[in-house]
Structures are given as C-alpha cells and as structure tokens.
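Letter by letter, the sequence shown follows residues 2 to 225 of this note's numbering. Idealized CB from N, CA, C, for every residue including glycine. This one's a predicted model, so the numbers in the text were calculated from it and none came from an experiment.
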Amino acid sequence: MATTTADIGTPWSQWHPPTTTWINNLTSVLGDDGVHGFIFNGSTLPDGVEPDRYNWCNMPHVHPQTYVIPSAAFELVYVEVIQRHHKRTPYQDNAFPVETYSWDCSDQGLYTYGEPLGAEKNSSAQVYWRVEENSVNPFIAPGFRGNCQFPQITHGGLDDSWQHGRDLYEVYGTMLGFLPSEYDSTVAYRVTGNQITSQVAGMLVDGYIKNMAWAAWTRNGDSI
Numbered sequence: 002m003a004t005t006t007a008d009i010g011t012p013w014s015q016w017h018p019p020t021t022t023w024i025n026n027l028t029s030v031l032g033d034d035g036v037h038g039f040i041f042n043g044s045t046l047p048d049g050v051e052p053d054r055y056n057w058c059n060m061p062h063v064h065p066q067t068y069v070i071p072s073a074a075f076e077l078v079y080v081e082v083i084q085r086h087h088k089r090t091p092y093q094d095n096a097f098p099v100e101t102y103s104w105d106c107s108d109q110g111l112y113t114y115g116e117p118l119g120a121e122k123n124s125s126a127q128v129y130w131r132v133e134e135n136s137v138n139p140f141i142a143p144g145f146r147g148n149c150q151f152p153q154i155t156h157g158g159l160d161d162s163w164q165h166g167r168d169l170y171e172v173y174g175t176m177l178g179f180l181p182s183e184y185d186s187t188v189a190y191r192v193t194g195n196q197i198t199s200q201v202a203g204m205l206v207d208g209y210i211k212n213m214a215w216a217a218w219t220r221n222g223d224s225i
C-alpha cells in the first residue's frame with residue numbers, strides 16, 4: 002500500500018475557518034437569554050416576549066398581536082393552513098424494549114365513537130379510551146409504560162391546538178372579515194389516517210367555532 006504526505010503549506014492541507022456568523026458565535030448562542038432567546042420549556046411565553054418568538058414547544062402560527070393588515074389594494078381570496086401536530090407522546094416504535102419511566106395521560110380523553118347523521122337520529126355517548134395498566138400481565142408490550150397511547154397529543158398539545166384555532170379566526174375572521182363565524186361549506190378540514198391529526202383538528206375547529214360538528218376529510222390508506 003502506497004502512501005503520500007502532503008507538504009505543509011499546500012492548498013489542500015491548509016485549514017480555513019468558517020465564516021463568522023451569529024450561528025457559530027458561542028458568546029451569542031449561549032448568552033444570558035438562552036439560545037438566541039428561543040423558547041424550549043413550554044408554550045407560555047415570559048412577560049414581554051412577542052408571540053412570534055421561536056418556540057420549540059409550540060408551532061409558529063398567525064397571531065392577532067403580530068399580524069400586519071395589508072393595504073386595501075389587496076384582496077384576500079384564499080387561505081390554506083398546513084398545521085403541524087403539537088406536543089405528543091413518542092411513537093412506540095421509537096422506544097427501547099424497556100423504558101425506565103412512564104407517561105401519564107389521565108388528564109385527557111381520546112374520544113372514539115360513531116354517531117348517525119341527520120335530523121332524526123340516536124345520539125352517542127362520548128366514549129373515550131382509557132389505557133389499562135396491569136402489573137401482573139406477563140404479555141405486556143415492550144416500550145413505554147403508562148396510560149397513554151403512543152402516539153397521542155398531550156394535554157398541553159390539545160390546548161395549543163385550540164389556541165391556534167382561536168388565533169386563526171381572530172386574524173382571518175375578526176380582523177379581516179374573511180372566515181365565516183358559523184358553519185360554511187367553503188371551509189374544509191383534512192386529516193390523515195394517523196389519529197393525532199384528528200386530535201389536533203378537533204381542538205383547532207373548536208377554537209375557531211365553539212360546539213360545532215364538522216366533517217374532516219380523509220382517505221383510506223393515508224397515514225402520513
């Protein structure tokens with residue numbers, strides 16, 4: 002095996018430091034206000050922090066406090082919102098065979114029931130899942146322990162979803178007069194086969210219009 006040694010000073014042996022920016026300036030990144038003042042510990046912002054500050058726990062979204070109404074020369078004709086899910090439990094597939102801690106979701110209910118549509122119909126009880134834990138079960142599945150589904154949106158994630166629906170209407174309904182204040186077929190929602198998208202949609206819709214039943218469109222086999 003032959004080897005070669007590059008002479009010191011040759012172009013390929015010289016080290017060129019990266020351009021200095023705010024990203025690699027450790028004094029700036031690790032300052033007194035954290036990583037560039039970003040929020041990593043919850044959806045509630047400290048006093049004096051604007052809603053558009055980056056928050057790792059809460060998806061950026063339109064907000065009535067920061068939205069700038071455009072000139073009257075423009076006409077709003079269409080709004081499409083692609084909503085990311087919010088705080089959730091992990092996927093069971095991403096767990097180690099034995100996890101050392103458990104998850105508690107006893108402060109929420111995952112409602113799963115069907116109900117006939119139409120004027121004359123029987124109503125359904127609001128049935129929700131409650132995961133049973135049995136310490137003597139010899140066939141317990143590997144992974145996370147607790148009374149949660151893996152995944153499911155957490156209590157905090159559901160609250161964030163509702164607030165996003167409220168903020169959405171405050172901007173496009175109250176401020177701009179574009180979204181209707183009651184059911185309208187021109188407003189449509191779409192979810193995937195993944196249950197967490199329906200959990201987010203349910204809270205977001207109620208933040209938009211209280212106590213209203215909506216159809217959320219989906220298709221078989223779609224689980225993104």
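Using alpha carbons as the reference points, say which of the options lies closest to residue i.
i: histidine 226; options: Pro98, Phe140, Ile210, Ala189; result: Absent from the structure is residue 226, since the part of the chain shown begins at 2 and ends at 225.
i: glutamine 299; options: Val137, His37, Asn123, Arg146; result: Look at the range of the chain in this structure, 2 to 225, and you will see that residue 299 is not part of it.
i: glutamate 133; options: Gln196, Gln150, Ile24; result: Gln150
i: proline 71; options: Val172, Tyr190, Ile197, Leu180; result: Val172
i: asparagine 195; options: Ala189, Thr219, Leu205, Glu183; result: Thr219
i: phenylalanine 41; options: Gly203, Trp57, Pro143, Asp108; result: Trp57
i: glycine 178; options: Glu76, Asn221, Pro91; result: Glu76
i: tryptophan 87; options: Val50, Ala217, Ser29, Ser44; result: First, the amino acid is wrong: residue 87 is histidine here, not tryptophan. Taking only the C-alpha atoms, the option nearest histidine 87 is Ser44.
i: glutamine 84; options: Asn221, Val36, Ala216, Tyr190; result: Tyr190
i: glycine 115; options: Pro91, Ala73, Ala126, Asn26; result: Ala126
i: arginine 131; options: Met60, Glu183, Thr113; result: Thr113
i: valine 99; options: Trp16, Ala142, Thr20, Asn26; result: Ala142
i: asparagine 148; options: Thr193, Gln109, Lys122; result: Gln109
May I ask you to report which of helix, strand or coil DSSP gives residue i?
i: isoleucine 24; result: coil
i: tyrosine 112; result: strand
i: serine 199; result: helix
i: threonine 190; result: A small correction: the amino acid at residue 190 is tyrosine; threonine does not occupy that position in the sequence shown. Of the three classes helix, strand and coil, the one that applies to tyrosine 190 here is strand, per DSSP.
i: valine 172; result: helix
i: serine 103; result: strand
i: arginine 54; result: coil
i: arginine 85; result: coil
i: tryptophan 163; result: helix
Is it right to say residue i is buried, meaning 16 or more other beta carbons lie within 10 angstroms of its own, or is it exposed?
i: threonine 155; result: buried
i: aspartate 185; result: exposed
i: tryptophan 23; result: exposed
i: alanine 202; result: buried
i: isoleucine 197; result: buried
i: tryptophan 163; result: buried
i: aspartate 161; result: buried
i: glycine 208; result: buried
i: valine 206; result: buried
i: asparagine 135; result: exposed
Just confirm the distance between the C-beta atoms of residue i and residue j, as a whole number of angstroms; I'd bet it's less than 8 Å.
i: valine 78; j: leucine 169; result: Actually they do not touch by this definition, with Cβ atoms about 17 Å apart.
i: leucine 180; j: glutamine 153; result: The Cβ separation is near 28 Å, so there is no contact.
i: methionine 204; j: leucine 159; result: 5 Å
i: tyrosine 55; j: methionine 176; result: Between methionine 176 and tyrosine 55 the Cβ distance is about 23 Å, and since that is not below 8 Å, they are no contact.
i: serine 199; j: alanine 216; result: Serine 199 to alanine 216, Cβ: 12 Å. No contact.
i: alanine 96; j: glycine 157; result: Actually they do not touch by this definition, with Cβ atoms about 21 Å apart.
Report yes if the C-beta of residue i is less than 7 Å from at least one heavy atom of the ligand HEM; otherwise report no.
i: serine 162; result: Inclusion of the ligand HEM in the displayed structure is not the case, the ligand content being empty and no account of it being possible.
(request) Could you name each continuous alpha helix (DSSP H) segment of 4 residues or more that falls completely within the stretch 115-149, going from the start of the chain to the end? (result) Listed in chain order, nothing qualifies, since the stretch 115-149 has no complete alpha helix (DSSP H) run of 4 or more residues.
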